[in-house]
Each structure stands twice: as structure tokens, then as C-alpha cells.
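Notes for the one structure printed next.
In the numbering used here, the protein residues as written are 32 to 331.
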């Protein structure tokens with residue numbers, strides 16, 4: 032029964048797609064159907080439907096997102112969803128973002144903290160500081176794609192936070208997860224990575240802990256680990272190890288443990304003087320020792 036339903040997600044008739052998406056969303060409410068749906072190839076089909084921008088797909092996108100949120104509650108299926116370029120994000124409420132304050136104007140830098148080299152040549156497009164990506168200088172290496180994606184994600188999420196629309200969907204409505212799980216949503220990885228890094232910089236301890244844990248959950252491969260690194264997660268997570276809230280420290284240690292599977296991230300931790308910090312934090316009786324020991328195994 033499930034295989035035909037999954038196949039109908041590809042049907043040319045949009046009404047058939049809509050019905051199939053609604054049935055799939057209902058079925059994902061029961062964990063007993065998850066395995067069969069995934070084996071039938073439902074995840075890439077749902078991802079494709081979610082990424083379709085056609086106005087006629089509003090209901091289909093909502094059902095696809097709901098299905099993916101439910102499937103993501105299983106760690107192995109969540110990893111498959113991340114491999115498809117999506118990230119599960121905690122919905123922390125608009126009030127949590129009221130504490131967001133953009134950095135005062137200064138020479139722009141990459142999200143990981145590295146500075147963008149100033150150019151003595153004016154941009155042929157004008158507005159050199161605003162159009163850095165358009166400055167062409169054949170003698171200097173251009174920033175790699177990972178840094179560019181991090182800048183795009185940061186700009187998108189900071190703008191949404193400033194205008195108070197960060198937890199709204201493409202239709203301008205407040206985002207929700209699914210019928211049963213209304214605490215998470217799904218975002219494309221560029222925006223998802225930036226959103227999580229933004230949240231761990233807020234003041235709401237519950238939101239910080241949820242986002243830090245989500246960073247760990249999403250760090251399933253080298254691409255995601257280095258993406259979080261480029262987005263500035265490592266420095267923030269290291270600082271959160273000294274937070275006075277124990278759940279925040281535990282979630283941060285968990286995130287760093289998962290991120291440390293990348294040698295590039297381990298090198299970043301060393302650059303940020305993370306090894307000395309890890310040693311000092313381990314001496315604290317409130318430190319989540321088991322997870323930090325795993326981090327230090329990679330970094331000391």
C-alpha cells in the first residue's frame with residue numbers, strides 16, 4: 032500500500048500529489064510506518080516537493096515539511112534528511128530573538144571570525160564594502176564556497192531576525208512543525224546552519240541548549256561539520272562551555288563532540304585556544320565530563 036502512495040508524490044496531477052502528500056504526512060505520525068516509507072524512497076521525494084516554489088504547492092510544501100519533521104525524530108532517518116541538504120531547527124519563539132543585536136558597523140568579516148582582506152582598488156561596481164563578493168582581483172585568492180555560503184546564510188538570518196520574521200514561512204505565516212511535533216521545522220542547510228549559530232548567540236538558555244544540541248545532531252558528515260565551523264559555531268560553543276547553565280554546557284559539549292569528528296574543526300579548536308579552555312573546564316565539577324573527554328580525545 033505504501034509504495035503506490037510514495038509513487039503518487041511524483042504524479043503529474045497536482046491534486047494527486049496533494050492527496051499523496053497529505054496521506055504521507057498522516058502516516059508519518061506513526062513511527063511504525065517510518066521504515067517502510069523510507070525504504071520506498073519517500074525522503075528525496077519529500078525534499079523535492081518542499082523545495083518546489085510554485086504557488087500551487089503551498090499545501091504540498093506544508094505536508095512535506097510535516098512529514099520530514101516527523102521522520103527526523105529517528106536519528107538514522109534524520110541523517111538521511113541532512114544528506115539531502117536539509118537541517119532540523121528548533122522553534123524557539125519570537126521572544127527569544129528580541130535579544131538579538133547585530134554587530135556595530137565595522138569592516139566586514141567572515142562568520143568564522145576571519146577578516147576579509149581590504150582592497151586598495153575600488154570595486155568597478157561601486158560600494159566596495161557592500162559588494163565584496165563582486166570585487167575582482169586576479170592576484171588574490173577568492174574566498175572559498177564554504178565561506179561565501181556562510182556569509183549568505185548569516186545575512187539572510189540576521190535580516191529576518193531584525194525585521195521580526197525569522198520564524199515565518201515562505202507564505203508569511205508562523206512556522207510550525209507537524210501535527211504532533213510543533214517544536215521543530217526544516218530548513219535548507221545554508222539557512223539552517225546560520226539559524227542555529229544565531230540562536231546559540233542569544234540570551235534564552237532554553238533556546239541556546241536546543242540549538243547547540245541540534246548542531247550536534249546535524250553534524251553527521253564532513254560537509255556539515257565544516258559548514259558549522261565556517262558559520263562561527265566553534266568559537267561560540269567553546270565559550271558556552273563556561274556558561275552558568277548546566278544544560279547549555281552539556282549541549283555545547285555534545286555539539287563539540289560531534290563536530291570534532293572533523294580534523295579541520297579540531298584545528299579550529301586549537302586556533303581558538305580551545306585546548307587550554309577544555310582542560311580548565313574539565314576541572315569544574317559541573318562539567319559534562321563524559322562528552323568533554325570525547326572532545327579532548329580529538330583535541331589534546
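Backbone N, C-alpha and C fix where the C-beta goes; we use that ideal spot for every residue, glycine too.
task = Kindly indicate which residue of 232, 117, 308, 263 has the alpha-carbon position closest to the one of residue 77.
result = Here the question's residue 77 lines up with position 46 in the chain shown. Distance check between residue 77 and each of 232, 117, 308, 263 places 117 closest, using alpha-carbon atoms only.
request  = Pick helix, strand or coil for residue 131, following the three-state DSSP scheme.
outcome  = Counted from its first residue, the chain shown places residue 131 at position 100. Here residue 131 sits in coil by DSSP.
message = Going by DSSP, what residue range makes up the alpha helix (DSSP H) through residue 47?
response = What you label residue 47 is simply residue 16 of the chain shown in a count that begins at 1. Annotation: the continuous alpha helix (DSSP H) that includes residue 47 extends over 45-58.
ask   = Roughly how many whole angstroms lie between the Cα atoms of residue 66 and residue 182?
value = Stepping through the chain shown from its first residue, residue 66 is reached at position 35. Stepping through the chain shown from its first residue, residue 182 is reached at position 151. Cα to Cα, residue 66 sits roughly 37 Å from residue 182.
query = Run through DSSP, which three-state label would residue 214 get?
reply = Your numbering for residue 214 matches position 183 in the chain shown. In this structure, residue 214 counts as coil in the three-state DSSP scheme.
ask   = Are the segment 224-235 and the segment 91-110 touching by the rule of at least three beta carbon pairs closer than 8 Å?
value = No contact exists between the segment 224-235 and the segment 91-110.
request  = State the CB to CB distance for the pair residue 290 and residue 251, rounded to an integer number of angstroms; the pair is presumed to be in contact (CB under 8 Å).
outcome  = As a first step, residue 290 must be located in the chain shown, where it is residue number 259. As a first step, residue 251 must be located in the chain shown, where it is residue number 220. With a Cβ gap of about 11 Å, residue 290 and residue 251 do not count as contacting.
Residue 123 - DSSP class collapsed to helix/strand/coil = One-based indexing of the chain shown puts residue 123 at position 92. In the structure shown, residue 123 adopts coil according to DSSP, grouped into three states.
Local conformation of residue 113 per DSSP, three classes = Here residue 113 refers to the residue found at position 82 of the chain shown. Look at residue 113 here: in three-state DSSP terms it is helix.
ask   = How big is the Cα-Cα spacing for residue 215 and residue 74?
value = As a position in the chain shown, residue 215 is number 184, starting the count at 1. As a position in the chain shown, residue 74 is number 43, starting the count at 1. Those two C-alpha atoms are separated by around 17 Å.
query = Does the beta-carbon distance from residue 187 to residue 258 come in below 9 Å?
reply = In the chain shown, the residue the question calls residue 187 occupies position 156. In the chain shown, the residue the question calls residue 258 occupies position 227. Cβ atoms of residue 187 and residue 258: not closer than 9 Å.
ask   = Could you check where the alpha helix (DSSP H) with residue 188 kicks off and where it finishes?
value = As a first step, residue 188 must be located in the chain shown, where it is residue number 157. Start and end: 176-193.
ask   = Looking only at its own chain, which residues have a Cβ that is under 7 Å from the Cβ of residue 276, when we skip the five neighbours before and after it?
value = Here residue 276 refers to the residue found at position 245 when the chain shown is read from its first residue. 236, listed in sequence order.
request  = Check each candidate in 50, 72, 196, 57 and name the one with the smallest Cα separation from residue 34.
outcome  = Against the chain shown, residue 34 aligns to sequence position 3. For residue 34, the closest C-alpha among the options 50, 72, 196, 57 is that of 72.
ask   = Among the residues of its own chain, which have a CB less than 6 Å from the CB of residue 192, if the five just before and after it don't count?
value = By one-based count along the chain shown, residue 192 stands at place 161. Closer than 6 Å at the Cβ level, and outside the excluded window around residue 192, lie 128, 131.
ask   = How is residue 277 classed by DSSP in three states: helix, strand or coil?
value = Taking the chain shown and counting its residues from 1, the one referred to as residue 277 is at position 246. It is helical.
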